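Using our numbering, the first residue of the sequence shown is number 13, and each one after it goes up by one. The beta carbon of each residue, even a glycine, is placed where N, CA and C say it ideally should be. This one's a predicted model, so the numbers in the text were calculated from it and none came from an experiment. Below: one structure, written as structure tokens.
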Amino acid sequence: MQQKGSGTLLFKTLQWLIHCIFSLFVLLSSIWLCLALWIQQPIHAVVTYTLILAWACFSLSILGIYFSQHLISRNKDILLYLFGFVLALAWYFGLEARQDRDWNPEVSRLLSYQINGHQVTLHNVRDFHWHADGSYSAAWQTRVLDLNQITGVNIITSYWTGPQIAHTLVSFDFADTAPLTFSIEIRKEKGEEFSAIGGFFRKYELNLVAANETDIIYTRSNIRHEQVYFFPIKMSKAQSQALFLEYLNKASELAQQPKWYNTLSSNCTTLVFDMIQAVTQKPLPVDYRLLASGYLPNYLYDLNAISHHYSMREWYRQAHVNPKVQSLASIQDYSRTIRQRLPTH
């Protein structure tokens, strides 16, 4: 009798665990699907919200199973839920990134290039002229650059909401011409605003912008008034050239096959990390600061990629762009000014 009682207790415990695991699956998968429908709105808004409400109610009814003793009698409902969720997954992963949307002017053109030896010709380099009210005069350039003239690489972090999250840009110095900056961004449609939640749900395509510093960094520090920091990075000439070419390869990839931005796994920091790891040809430690991108300079400092000429605390003071450019007399002095008081590479 004791063995029978122990067996019954074990069975009930196992059944309880299965119920808990499935309940958690239903809860999390329902939240995910409702958010995906809300972000994507694949059908008319009224129909979409009706679907969300219906799915939420159905999920609650499935969860109600675990407050009753009739699991076996409700197997059909469980199978129906699983079938519906599989269809939802098929819909979601069938969403394809596109190139033919009505894009914002800032991201309307794709970077293209030709390489002839060490000479690179870049088309659609952005050179917008930004005005104090946030408006701009659109301008695009063709720039011819010599990879042998690269003299340095810089990481720029731009903060708009607290110290944890920042947008990451990479700028290349040249001995014979103005710097060039690459920025991996979302490709917004006209009238579209950024949503961190939407970034988890295939809301935005990825875009790689090549721009002059007087455009893409200036607008963050002087127009949007984000807090911008500029850090020279220690890289060999060969690595700097290889990183530049990695950016061009990424531009080709996105032109041939558009991809989705993902707030967590495919963003402005993780993709830069992937490219740097590719050119250093050695594994770099995975760190929480790759997700909390605002702390990326601290991560690079620990790797000795940022000079130890200053403490990290002093680096943030010296690298802060905004105080240097708030009274800038001429935008033509912008690149020189933001490098003031910084150690050479």
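Alpha-carbon to alpha-carbon, residue j and residue i
i	j	result
residue 115	residue 318	36 Å
residue 289	residue 282	10 Å
residue 58	residue 49	12 Å
residue 163	residue 132	16 Å
residue 61	residue 55	9 Å
residue 141	residue 106	39 Å
residue 28	residue 302	38 Å
residue 310	residue 263	28 Å
residue 334	residue 135	30 Å
residue 64	residue 345	53 Å
residue 238	residue 154	28 Å
residue 286	residue 25	45 Å
residue 147	residue 198	19 Å
residue 139	residue 331	24 Å
residue 269	residue 67	33 Å
residue 71	residue 212	22 Å
residue 329	residue 255	27 Å
residue 267	residue 353	39 Å
residue 173	residue 20	55 Å
residue 73	residue 51	24 Å
residue 85	residue 23	Its pLDDT being 48, under 50, residue 85 is placed unreliably by the model, and nothing is read from it.
residue 108	residue 43	22 Å
residue 92	residue 47	20 Å
residue 232	residue 312	22 Å
residue 160	residue 184	12 Å
residue 179	residue 276	13 Å
residue 203	residue 322	43 Å
residue 175	residue 149	31 Å
residue 53	residue 45	11 Å
residue 151	residue 122	14 Å
Residue i (DSSP reduced to helix, strand or coil)
i	result
residue 229	coil
residue 335	helix
residue 31	helix
residue 66	helix
residue 322	coil
residue 278	strand
residue 310	helix
residue 316	coil
residue 204	coil
residue 125	strand
residue 43	helix
residue 209	coil
residue 245	strand
residue 120	coil
residue 299	coil
residue 340	coil
residue 348	helix
residue 251	helix
Outcome for residue i when other beta-carbon atoms lying within 10 angstroms are tallied against a minimum of 16
i	result
residue 216	buried
residue 32	exposed
residue 169	buried
residue 128	exposed
residue 88	exposed
residue 229	buried
residue 351	buried
residue 324	exposed
residue 300	exposed
residue 117	exposed
residue 320	exposed
residue 284	buried
residue 339	exposed
residue 280	buried
residue 76	exposed
Per DSSP, the bridge partner or partners of residue i
i	result
residue 170	179 and 240
residue 148	142
residue 155	134
residue 193	183 and 223
residue 164	185
residue 198	218
residue 50	None, per the DSSP bridge assignment.
residue 74	The partner list for residue 74 (beta bridge, DSSP) is empty, contrary to what the question assumes.
residue 115	201
residue 327	Looking at the DSSP assignment, residue 327 forms no beta bridge with any residue, so it has no partner.
residue 272	217
Residue-chain proximity (residue i, chain B), Cβ-Cβ < 8 Å
i	result
residue 210	Chain labels in this structure do not include chain B; a single protein chain is all it has.
Point to revise | Validate contact between the stretch 189 to 202 and the stretch 300 to 311 using beta carbons, cut 8 Å, 3 pairs | key: With the cut-off at 8 Å, the stretch 189 to 202 and the stretch 300 to 311 do not touch.
Check your understanding: Would you say the stretch 293 to 304 touches the stretch 210 to 230, given that touching needs at least three Cβ pairs under 8 Å?
Key -> Output reads no: the stretch 210 to 230 does not touch the stretch 293 to 304.
Check your understanding: Do three or more CB pairs link the stretch 93 to 102 to the stretch 178 to 188 at distances below 8 Å?
Key -> No: fewer than three Cβ pairs fall under 8 Å.
Review point. Are there three or more Cβ pairs, one per stretch, closer than 8 Å when the stretch 224 to 234 is compared with the stretch 248 to 263?
Key: The stretch 224 to 234 vs the stretch 248 to 263: no contact.
Practice item. Examine the Cβ distances between the stretch 243 to 253 and the stretch 148 to 168 and report whether three or more of them are shorter than 8 Å. Key: Contact between the stretch 243 to 253 and the stretch 148 to 168 is present, with at least three C-beta pairs closer than 8 Å.
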